[in-house]
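>
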Amino acid sequence: MEYIVTFHTHFDALQYERFLKKEGIKGKLQPVPRALSSSCGTCVKFAAKEPAEENPKFVDHEFEKLFAVGDDGYVFLADGDADGL
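Residue numbers for the sequence shown follow UniProt numbering, so the first one is 1 and each next one is one higher.
1. DSSP has residue 3 in a bridge; who is on the other side?
2. For residue 52, which residues from the same chain have a beta carbon less than 6 Å from its beta carbon, with the 5 sequence-adjacent residues on both sides left out?
3. For residue 37, collect the residues of the same chain with a Cβ closer than 8 Å to its Cβ; drop the 5 residues on either side in sequence, then sort them by chain order.
4. Just mark residue 8 as buried or exposed, buried being the case when its beta carbon has 16 or more other beta carbons within 10 Å.
5. Please give the ranges of any alpha helix (DSSP H) in the region 17 to 44, keeping only runs that are unbroken, at least 4 residues long and fully inside the region.
6. For residue 94, count neighbouring Cβ atoms within 10 angstroms of its own Cβ and tell me buried if that reaches 16, exposed if not.
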């Protein structure tokens, strides 16, 4: 499954991309799709075999929101601003 992670800062996006690289996962920095935010920002798109929202290694980082990329658009999965994430 493909995922998009949004961030409050460009620095956090860079940190997340580096984390993915260390895990052997190809992440791509790209502009946040308009469907997810009207502000300009940077997101990271990546693919993972296991559900990213259930795996602490993907959500124990500074991020704004986690989305799955589906055939019908984007599905909200997790809020990085919520307690416990």
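Note that the Cβ used here is the ideal one computed from N, Cα and C, for glycine as well.
This is what the structure holds:
1. In the sequence shown, counting from the first residue as 1, residue 3 sits at position 3. BP columns for residue 3 point to 46, 68.
2. Within the sequence shown, numbered from 1, the residue matching residue 52 stands at position 52. 3, 58.
3. To locate residue 37, count along the sequence shown from 1; it is residue 37. Hits under 8 Å: 6.
4. Locating residue 8 in the sequence shown gives position 8, where the first residue counts as 1. Classification for residue 8: exposed.
5. none
6. For the chain, the structure presents residues 1 to 85; residue 94 sits outside this window and is missing.
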